[in-house]
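Q: Can you keep this structure in mind? I'll have questions shortly.
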Amino acid sequence: MQLFEKQVDRYFRIFFLLFLLVLLGGITLFAFVSRPQYTEVGYSPIQPVAYSHKLHAGNLGMDCRYCHIGVEQSAHAGIPPSEVCMNCHARVKKDSPRLAKIRESYETGQPVNWVRIHRLPDYVHFNHRAHVLAGVSCVSCHGRVDQMVEVRQVQPLSMAWCLDCHRNPAPSLRPPELVTRLDWQPDRDPTEIGRELMARRGIKPPTNCSACHR
Amino acid sequence: MSEHARKYWRSLSEAAGDPEFRRWLEREFPEHASEWVGSRRALLKLMAASFGLAGLTACRRPEERILPFSKGVEGYVPGRPLYYASIMTLGGLSTGVLVETHEGRPTKIEGNPEHPASRGAATAFVQASVLSLYDPDRSRAVLRVGRRSSWEEFEAFIASHMKAAGKGEGLRVVSGAIGSPSLADLRAFLLERFPAARWIEYEPLGREAEAAGAELAFGRPLQPQYRFDQADVIVSLDADFLGLDCLAPVWIRQYAERRRADSMNRLYVVETGYSLTGANADHRWRARPSEVGEVARYLSRQLGLGGLKAPDPGAPKWLTAIVRDLERHRGRCLVLAGPRQPASVHALVHWINYELGNAGRTVYYTEPVVRTGAEGLQRLAEEAEAGEVKTLVILGANPVYNAPADVAFADLMRRVPLTIHLGQEPDETAALATWHLPEAHYLESWGDGRAADGTAAIQQPTIAPLFGGRTAAEVIALLADYPQRRSYDIVRQYWLRQWKGREAERAWAQALHDGVISGTEFRAVAVSPDPRRLQALLAQAPGKSEDLELQFHPSSSTYDGRFANNGWLQEAPDPITKLTWDNAACMSPATARSLRVESGDVVELEAGGRRIAAPVWILPGHADGAVSIALGYGRTRCGRVGNRVGHNPYPLRTLNTQGFLRGLQVRKTGRRYPLVTTQEHHSMEGRPLVREATLEEFRAQPDFARKPDGKVDAFSLFREHSYSQGHQWGMVVDLNACIGCNACVLACQAENNIPIVGKDQVRRGREMHWIRLDRYFVGEPDDPQIAWQPVACQHCELAPCETVCPVAATNHSPEGLNDMAYNRCIGTRYCANNCPYKVRRFNFLDYHKGLQEVEKMVYNPDVTVRMRGVMEKCTYCVQRIEEKKVQAKAEGRPLRDGEILTACQQTCPAQAIVFGDVNDPDSRVSRLKRDPRNYSLLASLNTRPRTSYLARLRNPNPELAAEEGS
């Protein structure tokens, strides 16, 4: 007795092949779109205080290091204590409702809950100090923060992206005193400048595992 | 060379060629490693769950917050560690430490190079003390008869209570040894206010016998201060001065510095158990505890003390040899007795040293830094019996657990109407106290203390009290209504009074900065022995008996029990027995045979009508006719880690048998107890790994260790790396300096976030320590010698692990490090299988899971916390290398030799570990690699390890060596 017709077997084969194709395609698509340049880039959460980097760093021309003091001394650039805001805002816009949380923090001693934007996994040990002192500008990883009203992530911060630069650092290097000049434009080929800096300062970015993974 | 013909073995079953041991070795992985999921059904279930959960990964990462300070802190930059100079006190004596803090959390303790007791070294106890700070089982609240109360209520209560205290007739205070000058000052204040009160200092591991011996010999209680660096010949009578009887890490350094071939000292040890000191001896004899005193008497007579030069024809030959060696080195030798020996033995030893001209040279005497005594407890018990004690204050001590059994402290407490207990744990004593007060950890509080030589230093906090603890000084200030109430004020005011004048503030700042107050060490006291009293000691000869004897010694893990809830220490294998998470009744193979017991048999130990049960451990080299047991186990109320771990020997220990007891009865119970030891784990199967020679052999053939262990096949299938450029890191471990103390193992654990796995996991061979301290027995099982070898990743230039990793998770760095990328590892364990040194450790389970937040505070943020399923191993502390490289680069200078210290190297009290750049021919590590004693492990495999070893030397007495060789 035959329960199924002969063609069923063929249909089944075609269906199975299609299923496999869709599955494979789905996985490929998923892997493709879940790369950091799609999932991470553009992240721009709402911060508890609407601080505008464009106003402070761009229009007013404040140096990055006025607030991010750790960048030349430590692995972390650091988020400034509320006290730093109050250096100016004790006088400037001292009653602005947008600064209420800063004033409250300054008075109560409770921290402001900033939302982290640039995040690396726990097994990655990035050191701001090493990069800034070598002449890698803030702009290389963080973009034109001086033009952002709300900071967003502009680079994927993926391992491949890190290695792109570690393998070919010259285009991203500049004299260390200019690292916080986000609008700086080299007057000649940046690769040439980078090569000279590498030779003079002995810059050899590591590409081995323990450079970042410890 | 005959050395290589000697047999090295780790356990009795290995020595005997037990087939069970072969089976253990030949398993590709330790127990249960190859069993993953029980069945096909379980596998399918897991797969289904994985598919289901896979969909969730598309969600965005969780939102993270950054919380900066409200107001900045001067000198603090987020991400940069801060270091504070402080002290850690154990048994009333302190040692200088530097505390590394990250974002306000102390994470790592190092020795303070400026402090004379430390000189940069830290012991295992110091290293592990930071874990105790974050112990979630610590006491968290003031308790009044077990119910939650508060400090305010206690303050109100004690203020009204003390008003009625009169002259303090019923007031008694029990504390540990007090070395702190400010607390001693406060005690004087209290006793002045309440003249009828009494203060008892009790330490279960006190050193009363030493001072009492000096009183017998010199007429006053004095503390001997040793100068091991000045001694050519050292005779230790059951004194474990390198191990658990060591009062200052600097002792080990002084000793190790004199192990160099050009000025090598000689160490004779007579002892009962096998101690670290015995393991490092050039000659060692086994003796029952009571026979050790006999040796002291022999020595005195043979040396002709008190004008009685009466060579004893019955004296064994080795004693005569020692005597001749001592006489040849007058003024340059040292005899010392252990704290377990009675005062009479100490008196004789003091006398011997005096007569040999050692006093003032290798040993000098000072006023004791601490004065403890168990007798005070006895009187307290009598007073309590008579109902005279109304208020009993117990400060930072746990006498219910560790007081002599015949004091019956628990009964004593029940007879006192008001008992106040201050302690870090809600422990055995707290359970019986009317009031229990949480005590602050030393990393949380102000204080001061004195080192063994009297040097004072300030203890400064590195974190605010986590659980609202206060110090003993603060409690006494409440009791005595002292003008200052906070520890900071008490300590500061005390020292400002000492210094006086305008310079006082400066001196205070300097003391905090340096971590030591210079010029405060105790002055040497001139001594002269009283021969009449000493002759009386010589005359008394205790009757010989064939009774079994039981010796009590400190534990390498819990000390006297106070570290019982510290998982790092509990899991650290005992240096000699390699037992973890347990103590045992150790005895020699011969004693075990005569008692018809085996390792793991539970026996009942009985003496004087008291009895305890304990498992037997057969320890090669133990004295016959004696049993020794480590104190500090079998706690019932210390916390989740240490409760009911091991067996408590305190119930056998009485006022008169603090060191050892005679007349021990051992009865077999027929029960078995699982003891877990790491001695057979990760064996390298009898290859010549430890190499040693005598000093004479070394002089005849300096490169004896260079002899290859087999034919070296220098052909490699793989592309070789070029190591000619840049830094090339390497390490040398001097086996001649290494004393096997475990400090490196604990330092590595603290630095590298190494998890604790527990007794059951250790039984399966899954311990995670990156450094394995191999202990080899050499020679006959009854009386073997011991050799050490710390083994961590060897960082092979041609690393066998790298070539077998299917995902390239372990790779070579251009600086010669064998890198391990945890995030890439998929856990095949091929690398561990292919490692000839067995140094790779696999996370079989997620050992960091389920930890409370407070426990995570101990993590070093510079090192990844590894998850389940990844391999890990020594990294040469790559985080420290990178930190110093960035530092040097920032300062625009090349790295200096010795700037990078690995965690193990930094803490090593013997300075046995040297790390550096092997490409720099002038670096210390390069110079040591050119030493003729330098050799690599398993060189015949052509792995070219970056870690190499300097062969060990022994310096036997030629008179005795000839005899032993025959």
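Residue numbers (our numbering), protein chains in the order written: chain F, 2 to 215; chain X, 303 to 1268.
Note that CB positions come from ideal geometry on N, CA and C, so glycine has one too.
This structure is a prediction, so every number in the text was calculated from the model and none was measured.
1. Can you tell which of Glu1185/X, Gln1091/X, Ala1214/X has its C-alpha closest to the C-alpha of Ala1039/X?
2. Taking a cut of 7 angstroms between CB atoms, which residues from the segment 130 to 151 of chain F lie near chain X?
3. Go through its chain and collect everything with a Cβ distance to Gln527/X's Cβ below 6 angstroms, but skip five positions before and after it.
4. Please list, in chain order, the chain F residues whose beta carbon lies closer than 9 angstroms to that of Val537/X.
5. Three-state secondary structure (DSSP) at Trp737/X?
6. Let me know the secondary structure DSSP gives Trp748/X once reduced to three states.
7. Any residues in the segment 1061 to 1073 of chain X with a beta carbon nearer than 8 angstroms to a beta carbon of chain F? Which ones, in chain order?
8. Sorted by chain position, which residues of the same chain lie with C-beta nearer than 7 angstroms to Ser1225/X's C-beta, five sequence neighbours on each side aside?
9. What does a CB cutoff of less than 8 angstroms around Ala1094/X pick up in its chain, not counting 5 residues either side in sequence?
10. Where does Leu921/X land, buried or exposed, given buried means 16+ other C-beta within 10 angstroms?
11. Rounded to whole angstroms, what is the Cα-Cα separation between Lys469/X and Tyr784/X?
12. Report, in whole angstroms, the separation of the C-beta atoms of Glu1157/X and Tyr436/X, which I expect to be a contact under 8 angstroms.
13. Which class does His463/X belong to by DSSP, given the choice of helix, strand or coil?
14. Using 8 angstroms as the threshold, is the C-beta distance between Ala639/X and His648/X below it?
15. For Val1165/X, which residues in chain F fall below 8 angstroms Cβ to Cβ?
16. Tell me which residues of the segment 1162 to 1190 of chain X have at least one Cβ-Cβ distance to chain B shorter than 8 angstroms, keeping chain order.
17. Name the residue from Arg529/X, Val432/X, Val594/X, Ile624/X whose alpha carbon lies nearest to the alpha carbon of Ile411/X.
18. Can you check the segment 643 to 697 of chain X for any alpha helix (DSSP H) of at least 4 residues that lies completely inside it and give the ranges in chain order?
19. Looking at the unbroken alpha helix (DSSP H) that takes in Trp185/F, where does it start and where does it end?
20. The alpha helix (DSSP H) spanning Asp903/X covers which residue range?
21. Given that a residue counts as buried once 16 or more other Cβ atoms are within 10 Å of its Cβ, and exposed if not, what is Arg246/X?
22. Taking three-plus beta-carbon pairs below 8 angstroms as touching, is the segment 693 to 710 of chain X in contact with the segment 470 to 481 of chain X?
23. Which whole-angstrom value describes the C-beta separation of Ala928/X and Glu851/X, a residue pair presumed to lie in contact below a C-beta threshold of 8 angstroms?
24. Taking Cβ-Cβ distances below 8 angstroms as the criterion, which residues of the segment 80 to 93 of chain F are in contact with chain X?
25. I'd like to know if Ile368/X contacts chain F, where contact means its C-beta is closer than 8 angstroms to some C-beta of that chain.
26. Per DSSP, which residues does Pro917/X bridge with? Please list them.
27. According to DSSP, which residues form a beta bridge with Thr996/X?
28. Is the shortest distance between the beta-carbon of Val1106/X and the beta-carbons of chain F less than 8 angstroms?
29. Based on the DSSP output, what are the partners of Asn1120/X in its beta bridges?
30. Take every Cβ of the segment 933 to 953 of chain X, pair it with every Cβ of the segment 700 to 707 of chain X, and state whether three or more of those distances are shorter than 8 angstroms.
31. Identify, in the order they occur along the chain, each residue of the same chain with its Cβ nearer than 6 angstroms to the Cβ of Val1216/X, setting aside the five sequence neighbours on each side.
32. Looking at the strands, I want to know which residues DSSP matches up with Phe1079/X.
33. Taking beta-carbon pairs under 7 angstroms, can you tell me which members of the segment 378 to 398 of chain X lie near chain F?
34. Should the segment 493 to 506 of chain X be regarded as contacting the segment 723 to 734 of chain X, the criterion being three or more beta carbon pairs within less than 8 angstroms?
35. Just how far apart, CA to CA, sit Phe491/X and Leu781/X?
36. Specify the secondary structure class of Trp162/F as computed by DSSP and reduced to three states.
A: Working from what's here:
1. The residue you call residue 1039/X lines up with position 737 of the second sequence. Cα-wise, what sits closest to Ala1039/X is Ala1214/X.
2. Within the segment 130 to 151 of chain F, the qualifying residues are Arg130, Ala131, Leu134.
3. For the purposes of this step, residue 527/X is identified with residue 225 of the second sequence, where counting begins at 1. Excluding positions up to five away in sequence, the list reads Tyr666, Thr668, Asp755.
4. Taking the first residue of the second sequence as 1, we reach residue 537/X at position 235. Neighbours of Val537/X in chain F, taken as residues at a C-beta separation under 9 angstroms, are lacking, since the least C-beta distance is about 47 angstroms.
5. Stepping through the second sequence from its first residue, residue 737/X is reached at position 435. Trp737/X sits in a strand when the DSSP states are folded into three classes.
6. Taking the second sequence and counting its residues from 1, one reaches residue 748/X at position 446. The answer is coil: DSSP assigns Trp748/X none of H, G, I, E or B.
7. Cβ contacts with chain F come from no residue of the segment 1061 to 1073 of chain X.
8. What you label residue 1225/X is simply residue 923 of the second sequence in a count that begins at 1. So the qualifying residues of the chain are Asp1199, Gly1218, Asp1219.
9. Numbered from 1 along the second sequence, position 792 holds the residue referred to as residue 1094/X. Result list for Ala1094/X: Cys1050, Trp1072, Ile1073, Arg1074, Val1141, Lys1175, Cys1176, Cys1206, Thr1249, in chain order.
10. Within the second sequence, the letter at position 619 stands for residue 921/X. Around the CB of Leu921/X, 16 or more other CB atoms lie within 10 Å, so the residue is classed as buried.
11. Here the question's residue 469/X lines up with position 167 in the second sequence. Here the question's residue 784/X lines up with position 482 in the second sequence. Spanning the two alpha carbons is a distance of roughly 16 angstroms.
12. Within the second sequence, residue 1157/X is the residue found at index 855, counting from 1. Within the second sequence, residue 436/X is the residue found at index 134, counting from 1. Right, the Cβ-Cβ distance comes to about 5 angstroms (below 8 angstroms), so this counts as a contact.
13. In the second sequence, the residue the question calls residue 463/X occupies position 161. For His463/X, the secondary structure class from DSSP, reduced to helix, strand or coil, is helix.
14. In the second sequence, the residue the question calls residue 639/X occupies position 337. In the second sequence, the residue the question calls residue 648/X occupies position 346. For Ala639/X and His648/X, yes; Cβs fall inside 8 angstroms.
15. Here residue 1165/X corresponds to residue number 863 of the second sequence, with the count starting at 1. Residues of chain F passing the Cβ test: Arg215.
16. Protein chains in the displayed structure are F and X, and chain B is not among them.
17. Along the second sequence, read from residue 1 onward, the residue named residue 411/X stands at position 109. When each option's Cα is compared against that of Ile411/X, the closest is Val432/X.
18. If we require 4 residues or more, the alpha helix (DSSP H) runs fully inside the segment 643 to 697 of chain X come out as 645 to 657, 677 to 687.
19. By one-based count along the first sequence, residue 185/F stands at place 184. Counting along the chain, Trp185/F falls outside any alpha helix (DSSP H), and DSSP gives it neither H nor E.
20. To locate residue 903/X, count along the second sequence from 1; it is residue 601. According to the DSSP assignment, Asp903/X belongs to no alpha helix (DSSP H) but to the beta strand (DSSP E) extending over 903 to 909.
21. In the structure displayed, chain X extends from 303 to 1268; residue 246/X sits before or after that span and is not available.
22. In short, these stretches touch, since the Cβ pair count reaches three.
23. By one-based count along the second sequence, residue 928/X stands at place 626. By one-based count along the second sequence, residue 851/X stands at place 549. Indeed, because the Cβ distance is near 5 angstroms, the residues count as touching under 8 angstroms.
24. Against chain X - using a Cβ distance shorter than 8 angstroms - the residues of the segment 80 to 93 of chain F are Ile80, Pro81, Pro82, Ser83, Glu84, Val85.
25. The sequence position of residue 368/X within the second sequence is 66, counting from 1. Taking Cβ atoms only, chain F reaches closer than 8 angstroms to Ile368/X, which makes this a yes.
26. Position 615 of the second sequence, counting from 1, holds the residue named residue 917/X. Within the DSSP secondary-structure output, Pro917/X pairs in a beta bridge with Val904/X.
27. Residue numbering aside, residue 996/X sits at position 694 when the second sequence is read from its first letter. For Thr996/X, which the question treats as bridged, DSSP gives the partners Arg1256/X.
28. Taking the first residue of the second sequence as position 1, residue 1106/X is located at position 804. Closer than 8 angstroms to the CB of Val1106/X there is not a single CB belonging to chain F.
29. One-based indexing of the second sequence puts residue 1120/X at position 818. Paired residue(s): His1114/X.
30. Output reads yes: the segment 700 to 707 of chain X touches the segment 933 to 953 of chain X.
31. Stepping through the second sequence from its first residue, residue 1216/X is reached at position 914. Result list for Val1216/X: Val1034, Arg1226, Val1227, Leu1230, in chain order.
32. If you number the second sequence from 1, residue 1079/X lands on position 777. Partner(s): Trp311/X, Ile1088/X.
33. Result list: Val379, Pro380, Gly381, Arg382.
34. By the C-beta criterion, the segment 493 to 506 of chain X is judged not to be in contact with the segment 723 to 734 of chain X, since fewer than 3 inter-stretch pairs fall below 8 angstroms.
35. Within the second sequence, the letter at position 189 stands for residue 491/X. Within the second sequence, the letter at position 479 stands for residue 781/X. Their backbone Cα atoms lie some 11 angstroms apart in a straight line.
36. Here residue 162/F corresponds to residue number 161 of the first sequence, with the count starting at 1. Helix, per DSSP.
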